[in-house]
Amino acid sequence: MRQIYKYILLGIIIILLTTIVTGCWDRTEIEERLFVFGVGISQPKSIEEVLNDLEEKARKKLRDEGIIRPNDKEIQDKVEEIAKPSFREVITRAERRQDQLKVTIEAPIVRNLVGGEGGGNGEPTWIVSTNADTVLEACQQFASRSNRRVYLGHLKSMIIKESLAREGVQDLLDFFERDNEVQRRVNVFVCPENVEEILALNTPVEQVTSSYISMIVENKVKCSRVSPITLGEFMINIHTGAGSLVPRIVTGEKDVKVCGSAIFRGEKMVGWLGELETQSALRVKNATGQGEIIIPGLKEGNKAVYESNGLNIRIKPIVKKEKITFKVEIKLEGNIVEIQSKVNLMNDQYIKKLEKNIEEHIKKNTMQVIDKAQQEFQTDFFGFGEQLRRHEPKVWKKVKKNWHKEFAGVKVRVEPEVKIRRIGLVK
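Listed below in structure tokens is the structure:
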């Protein structure tokens, strides 16, 4: 009898183990995944853009047929011929898409990336776009156009078109924030132009554009004019209503350039900063201690270049009679790496003059970008509010609901202190 119970118990244990120890039941083989490296989110073409495209195609076709200067009727007839199934249907489709998103993905084609005997000679990446009401629906549509499962675990770059960014991005990014495959270190960009063109551009250095632009912003040592921000950091700022600087990306003839920043107040973009303005803003945020500063040299018309390699920032809020003032102390150390003036820099007098020129330059440029943030954008993307919360929590409680408006009225004093440590060796 006991032997029977033992067999029954053993059978129960085996059944339990088969239900518990099934770690690979939902696995997906690596060759069955479509690795998405880049995502672009924009809007479908407007009706006006659709009409312009049709007209341009019509003019090109007429030129090919020998009609150099077509009249309006010839153009319209050719447009009707090109539009399929009909001109009215093309316009109707464009009208339906106005409230949709246009999502573009970039996925590397591994067999075309590798060299050697097994490598291919085709396009290194697969660029595909679709229109959808939501990002999830777009991903489902991509799945229906590929024999592989869309996988976002290796996503490196996300590009948002300016027109969408100005309307608000929280709903656009909700899917990426919730999806457990998407990593929080994905780099976010804003593009004023065509998102698809950026992802489709084959750069001479890197075959996968998404990896290329991600590496640009991660190279903080030499890119003091770029304001990298990850998806995780961006979402925190959106939820708290804080200001953000998001890198601006544009296309060149054969490459892309990351330059300047888009300014966000919460989830909405409110404007742009140029490259030098971004550099000054990042310095106040203590986000970069590197970078070059071009200043007037010691002789009229000449220039000198100071490269900073050490930065110490202290932002001190001062509250008197309910009036808020911020004192920004900027301490920089660096080297003179280029100078056009033929002078002996071993002379302390010349060094002090250069240090003073650098301090004046920093103060002027920093105050300009702070004034722009206060008066033009009414957005605190420096982190002054966070410093007020830490040092004056009672005052912060009173102003935090309307901080961006309050920020526009506060006084800011900038006090730079520059040290030149090396002047370089000239043989």
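Throughout, the numbering used here is defined as the position within the sequence shown, counted from one, plus 289.
Note that beta-carbon positions come from the ideal geometry of N, C-alpha and C, so glycine has one too.
Tell me the DSSP secondary structure of residue i in three-state form.
{"i": "Glu-644", "result": "helix"}
{"i": "Pro-682", "result": "helix"}
{"i": "Glu-406", "result": "Low local confidence applies: a pLDDT of 48 at Glu-406 is under 50, so the model's placement there is unreliable, and no value is given."}
{"i": "Phe-464", "result": "helix"}
{"i": "Arg-348", "result": "helix"}
{"i": "Arg-572", "result": "helix"}
{"i": "Leu-565", "result": "helix"}
{"i": "Phe-671", "result": "coil"}
{"i": "Ala-697", "result": "coil"}
{"i": "Ser-597", "result": "strand"}
{"i": "Lys-450", "result": "strand"}
{"i": "Gly-457", "result": "coil"}
{"i": "Ser-331", "result": "strand"}
{"i": "Ala-396", "result": "strand"}
{"i": "Lys-557", "result": "strand"}
{"i": "Ile-583", "result": "strand"}
{"i": "Asn-691", "result": "helix"}
{"i": "Phe-615", "result": "strand"}
{"i": "Phe-431", "result": "helix"}
{"i": "Phe-324", "result": "strand"}
{"i": "Leu-490", "result": "coil"}
{"i": "Ile-709", "result": "strand"}
{"i": "Val-547", "result": "strand"}
{"i": "Ala-662", "result": "helix"}
Using CA coordinates, which residue listed in the options is at the minimum distance from residue i?
{"i": "Tyr-595", "options": "Lys-700, Asn-436, His-650 and Gln-657", "result": "His-650"}
{"i": "Lys-631", "options": "Gln-657, Lys-592 and Gly-623", "result": "Lys-592"}
{"i": "Leu-571", "options": "Ala-421, Glu-627, Asp-669 and Asn-633", "result": "Asp-669"}
{"i": "Gly-329", "options": "Leu-488, Tyr-294, Asp-422 and Ile-302", "result": "Leu-488"}
{"i": "Ile-505", "options": "Phe-523, Pro-536 and Glu-485", "result": "Pro-536"}
{"i": "Gly-521", "options": "Thr-567, Val-471, Glu-542 and Ile-502", "result": "Val-471"}
{"i": "Leu-565", "options": "Phe-465, Tyr-501, Ile-394 and Gln-657", "result": "Gln-657"}
{"i": "Val-617", "options": "Gln-629, Ile-628 and Asn-601", "result": "Asn-601"}
{"i": "Gly-442", "options": "Ile-628, Lys-641, Phe-324 and Thr-540", "result": "Phe-324"}
{"i": "Leu-717", "options": "Leu-534, Val-545 and Phe-465", "result": "Residue coverage of the chain in this structure runs from 290 to 716, which leaves residue 717 outside it and unanswerable."}
{"i": "Ile-640", "options": "Arg-710, Gln-579 and Gly-580", "result": "Arg-710"}
{"i": "Lys-612", "options": "Lys-687, Arg-348, Pro-397 and Ile-302", "result": "Lys-687"}
{"i": "His-693", "options": "Asn-624, Ser-418, Phe-673 and Ser-435", "result": "Phe-673"}
{"i": "Asn-575", "options": "Arg-603, Gly-411, Lys-610 and Ser-435", "result": "Arg-603"}
{"i": "Asn-636", "options": "Ile-712, Gly-623, Glu-681 and Thr-567", "result": "Ile-712"}
{"i": "Glu-556", "options": "Thr-567, Gly-457 and Arg-348", "result": "Gly-457"}
{"i": "Gly-411", "options": "Thr-419, Pro-397 and Ser-418", "result": "Pro-397"}
{"i": "Thr-567", "options": "Lys-661, Leu-351, Leu-634 and Thr-492", "result": "Lys-661"}
Buried or exposed for residue i, going by 16 or more other Cβ atoms inside 10 Å?
{"i": "Thr-655", "result": "buried"}
{"i": "Asn-526", "result": "buried"}
{"i": "Thr-614", "result": "exposed"}
{"i": "Val-494", "result": "exposed"}
{"i": "Thr-529", "result": "exposed"}
{"i": "Gln-459", "result": "exposed"}
{"i": "Pro-606", "result": "buried"}
{"i": "Ile-552", "result": "buried"}
{"i": "Val-547", "result": "buried"}
{"i": "Tyr-296", "result": "exposed"}
{"i": "Met-447", "result": "buried"}
{"i": "Glu-485", "result": "buried"}
{"i": "Gly-532", "result": "buried"}
{"i": "Val-399", "result": "exposed"}
{"i": "Ile-303", "result": "exposed"}
Would residue i and residue j be called neighbours here (beta carbons separated by less than 9 angstroms)?
{"i": "Val-701", "j": "Ile-647", "result": "no"}
{"i": "Gly-698", "j": "Gln-676", "result": "no"}
{"i": "Val-477", "j": "Ile-518", "result": "yes"}
{"i": "Leu-490", "j": "Lys-543", "result": "yes"}
{"i": "Lys-708", "j": "Glu-627", "result": "no"}
{"i": "Arg-554", "j": "Phe-666", "result": "yes"}
{"i": "Glu-451", "j": "Met-558", "result": "yes"}
{"i": "Leu-621", "j": "Gly-599", "result": "yes"}
{"i": "Arg-322", "j": "Arg-474", "result": "no"}
{"i": "Lys-642", "j": "Pro-705", "result": "no"}
{"i": "Ser-331", "j": "Thr-414", "result": "no"}
{"i": "Thr-577", "j": "Glu-482", "result": "no"}
{"i": "Val-479", "j": "Ile-538", "result": "yes"}
{"i": "Val-703", "j": "Ile-582", "result": "no"}
{"i": "Pro-502", "j": "Val-545", "result": "In the sequence on display, residue 502 carries Ile and not Pro. Going by C-beta atoms, Ile-502 is nearer than 9 angstroms to Val-545."}
{"i": "Pro-333", "j": "Asn-420", "result": "yes"}
At least one CB of chain B closer than 9 angstroms to the CB of residue i: is that the case?
{"i": "Val-699", "result": "Of the protein chains in this structure there is only one, and it is not chain B."}
Quick test of your reading: residue i and residue j, contact by CB under 8 angstroms. State the CB separation rounded to the nearest angstrom.
{"i": "Phe-326", "j": "Ser-499", "result": "4 angstroms"}
{"i": "Leu-390", "j": "Ala-432", "result": "That pair is no contact at about 17 angstroms."}
{"i": "Val-424", "j": "Leu-461", "result": "7 angstroms"}
{"i": "Trp-684", "j": "Val-573", "result": "According to the sequence displayed, residue 684 carries Val and not Trp. Between Val-573 and Val-684 the Cβ distance is about 21 angstroms, and since that is not below 8 angstroms, they are no contact."}
{"i": "Ser-569", "j": "Ser-516", "result": "That pair is no contact at about 11 angstroms."}
{"i": "Gly-623", "j": "Ser-597", "result": "4 angstroms"}
Beta carbon of residue i: closer than 8 angstroms to some heavy atom of the ligand GTP?
{"i": "Leu-390", "result": "With respect to small molecules bound, the structure shown includes none, and the ligand GTP cannot be examined in it."}
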